[in-house]
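Here the protein sequences line up with chains A and B, keeping their order.
Those letters in the first sequence? Residues 78 to 250, per our numbering, in order.
Those letters in the second sequence? Residues 147 to 424, per our numbering, in order.
Every residue, glycine too, gets a C-beta built ideally from N, C-alpha and C.
Note that the structure is predicted; figures quoted are calculated from it, not measured.
Some notes on the structure that comes next.
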Amino acid sequence: MILSTPLTKEKLINLKAGDLVYLSGTIYTMRDQAHKKIIALINKNQPLPFDIENSVIYYVGPTPTKPGEIIGSCGPTSSYRMDSFIEPLLQLGLSATIGKGERSLKVIELLKKHKTVHFSAVGGVAAYLNQFVIDSELVAFKELQSESIKKLIVKNFPLFVTYDIYGNDIFKK
Amino acid sequence: MKKIKRADLIESIKNLCKEANYYLDKNILKKIEELKEKEDKAISLEVLKQIEENALIAEKKNLPLCQDTGTVVVFLEIGNILIDFNIEEAINKGVSLAYNENYFRKSIVNHPLERTNTLDNTPAIIHTKFTNTNCLKIKLALKGGGSENMSKIKMLTPTAGYEQVKNFVLAVVKEAGGKACPPFIIGVGIGGNFEKSALLAKESLLRDIKDSSEIAIDKKLETELFAEINKLNIGPMGFGGQTTALAVKVNSYPCHIASFPVAVNIQCHCARHKEIIL
Ligand code: SF4
Numbered sequence: 078m079i080l081s082t083p084l085t086k087e088k089l090i091n092l093k094a095g096d097l098v099y100l101s102g103t104i105y106t107m108r109d110q111a112h113k114k115i116i117a118l119i120n121k122n123q124p125l126p127f128d129i130e131n132s133v134i135y136y137v138g139p140t141p142t143k144p145g146e147i148i149g150s151c152g153p154t155s156s157y158r159m160d161s162f163i164e165p166l167l168q169l170g171l172s173a174t175i176g177k178g179e180r181s182l183k184v185i186e187l188l189k190k191h192k193t194v195h196f197s198a199v200g201g202v203a204a205y206l207n208q209f210v211i212d213s214e215l216v217a218f219k220e221l222q223s224e225s226i227k228k229l230i231v232k233n234f235p236l237f238v239t240y241d242i243y244g245n246d247i248f249k250k
Numbered sequence: 147m148k149k150i151k152r153a154d155l156i157e158s159i160k161n162l163c164k165e166a167n168y169y170l171d172k173n174i175l176k177k178i179e180e181l182k183e184k185e186d187k188a189i190s191l192e193v194l195k196q197i198e199e200n201a202l203i204a205e206k207k208n209l210p211l212c213q214d215t216g217t218v219v220v221f222l223e224i225g226n227i228l229i230d231f232n233i234e235e236a237i238n239k240g241v242s243l244a245y246n247e248n249y250f251r252k253s254i255v256n257h258p259l260e261r262t263n264t265l266d267n268t269p270a271i272i273h274t275k276f277t278n279t280n281c282l283k284i285k286l287a288l289k290g291g292g293s294e295n296m297s298k299i300k301m302l303t304p305t306a307g308y309e310q311v312k313n314f315v316l317a318v319v320k321e322a323g324g325k326a327c328p329p330f331i332i333g334v335g336i337g338g339n340f341e342k343s344a345l346l347a348k349e350s351l352l353r354d355i356k357d358s359s360e361i362a363i364d365k366k367l368e369t370e371l372f373a374e375i376n377k378l379n380i381g382p383m384g385f386g387g388q389t390t391a392l393a394v395k396v397n398s399y400p401c402h403i404a405s406f407p408v409a410v411n412i413q414c415h416c417a418r419h420k421e422i423i424l
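Structure, rendered in structure tokens:
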């Protein structure tokens with residue numbers, strides 16, 4: 078299945094846990110420390126470095142980009158570590174997250190409630206996934222090195238629907 | 147007595163880091179190929195296919211196999227040789243050069259609470275052992291955070307038996323599930339004391355993926371755990387299927403009459419270790 082951003086909520090209706098989809102468009106990288114900072118900004122009512130509404134967040138800390146390249150190796154990191162940060166982002170209209178591995182029951186419920194999808198990319202295939210990133214740009218928190226927020230443009234990025242908006246779960250076999 | 151040159155050691159560490167990041171062990175790929183035959187779930191097969199493809203691209207484009215280029219873990223087996231320099235400093239020099247020159251990710255922070263990045267992926271974690279040889283053997287592993295985070299130690303009671311060890315290992319693997327990037331290599335350390343068991347588990351992961359323990363009961367554990375883990379239906383990335391473990395390795399050591407430590411170190415499919423003899 079082919080999908081493109083912005084992932085407006087209508088586009089999520091037909092996705093089912095277990096589907097393999099190919100995503101094209103804009104996604105934002107964000108992992109542990111950047112989440113901590115973003116949540117602090119939200120709590121202080123301060124402006125955010127990008128618009129969360131209808132956006133897709135990719136839990137990743139890529140390797141540094143070699144000169145002349147677009148990005149380094151860029152596979153997903155474990156999603157569960159971002160569980161405690163997700164609710165305020167869902168309230169701002171986040172469309173989807175991308176990571177790897179199981180999330181808490183609470184997050185599965187929250188995803189269902191906010192009609193948000195969670196995807197998995199395959200962990201440990203970071204050189205393979207590099208091919209599907211066609212542009213990359215620093216957005217915020219340069220000091221966090223690999224954990225900075227970057228805006229990526231992806232083309233046919235392979236993802237597995239992990240938790241759909243109906244509460245289905247790829248890990249429940 | 148053979149004298150090791152500092153420059154040679156630095157160069158070796160640099161090369162081992164590079165090779166480990168770019169080249170997946172051919173025997174791991176063979177094992178994946180073999181297990182693919184038995185896997186019938188489409189999405190799980192797709193994961194295995196991506197793992198194979200990844201190894202080809204990493205090698206061809208000199209891109210790290212995984213973005214988590216790991217903590218560098220070094221096992222030194224020191225024979226009857228002369229080392230007249232600070233060996234830990236030299237190893238860290240090699241790591242620093244490798245990670246900066248090759249654009250590997252720097253994943254080490256200075257203190258678990260302060261968390262300032264050291265900017266060159268040092269310090270490495272270095273273990274030493276003395277052997278009665280005339281050389282220096284360096285075994286180097288890059289250990290990612292995802293699978294390391296799901297590893298566990300338990301102090302069983304001395305009257306616990308074989309089944310309890312198995313149950314603990316199975317429980318740890320179940321809990322790791324899709325988070326630690328299966329298919330796994332499971333390293334089990336039994337005996338020793340608290341820290342020794344963890345070390346045994348870590349070191350077992352550096353064994354050849356194809357070998358079995360020479361100790362009969364450890365080998366039996368390896369075989370049975372391998373079969374049982376692959377029945378857990380965790381599968382590649384947790385998507386279900388029969389390919390959950392690529393191998394199980396058990397290393398053991400004598401222990402105290404009151405103790406029975408068991409450590410389980412989980413290794414993701416991206417098992418990166420290389421060795422060299424100087
Ligand atoms: S667990 Fe292994 S394969 Fe997965 S992201 Fe970490 S280092 Fe890479």
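- Within the segment 151-234 of chain A, the alpha helix (DSSP H) runs of at least 4 residues that lie entirely inside it are, in chain order, 163-168, 182-190 and 203-207.
- Distances from the CB of proline 83 of chain A to the heavy atoms of the ligand SF4 are all 8 Å or more.
- The Cβ-Cβ distance between threonine 106 of chain A and serine 172 of chain A does not fall below 9 Å.
- Restricting attention to B:Asn200, B:Lys172, B:Val241 and B:Glu370, the CA atom closest to the CA of isoleucine 159 of chain B is found in B:Val241.
- Around the beta carbon of isoleucine 363 of chain B, a 10 Å sphere encloses fewer than 16 other beta carbons of the protein chains shown; the residue is thus reported as exposed.
- Interface residue (Cβ-Cβ distance to chain A less than 9 Å): proline 382 of chain B is classified as such.
- Bridge partners of serine 350 of chain B according to DSSP: none are assigned.
- Straight-line measurement puts the Cα of alanine 217 of chain A at about 40 Å from the Cα of threonine 389 of chain B.
- For asparagine 411 of chain B, there is no enclosing alpha helix (DSSP H); the residue is part of the beta strand (DSSP E) that begins and ends at 406-413.
- For leucine 89 of chain A, the enclosing alpha helix (DSSP H) has its first and last residue at 86-89.
- Interface criterion not met: the Cβ of asparagine 226 of chain B is under 9 Å from no Cβ in chain A.
- Of the other Cβ atoms in all chains shown, 16 or more fall within 10 Å of the Cβ of isoleucine 242 of chain A; this residue is therefore buried.
- Residues of the segment 210-222 of chain B with a C-beta atom less than 9 Å from some C-beta of chain A are Pro210, Leu211, Cys212, Gln213, Asp214 and Thr215, listed in chain order.
- Not one heavy atom of the ligand SF4 falls within 8 Å of the beta-carbon of threonine 369 of chain B.
- With a threshold of 8 Å, the Cβ atom of aspartate 214 of chain B counts as near the ligand SF4, since some heavy atom of the ligand is closer than that.
- With a minimum length of 3 residues, the unbroken runs of beta strand (DSSP E) contained wholly in the segment 330-392 of chain B fall at 330-338.
- Interface annotation, glutamine 310 of chain B: not in contact with chain A, CB-CB separation never under 9 Å.
- One alpha carbon belongs to serine 359 of chain B, the other to alanine 417 of chain B, and they sit about 19 Å apart.
- Nearest Cα to phenylalanine 231 of chain B within the set B:Asn339, B:Ile156 and B:Glu179: B:Ile156.
- The three-state secondary structure of leucine 100 of chain A, taken from DSSP, is strand.
- A Cβ-Cβ contact shorter than 9 Å links serine 156 of chain A with serine 197 of chain A.
- Taking each of A:Tyr99, A:Gly244, A:Gly200 and A:His191 in turn and checking the Cα distance to cysteine 151 of chain A, the smallest one comes out for A:Gly200.
- Distance from the Cα of lysine 182 of chain B is smallest, within the candidate group B:Asn376, B:Phe406 and B:Lys395, for B:Asn376.
- Using a CB distance cut-off of 9 Å, glutamine 168 of chain A does not count as an interface residue toward chain B.
- Ranked by Cα distance from leucine 346 of chain B, the options B:Phe221, B:Ala204 and B:Leu259 are led by B:Phe221.
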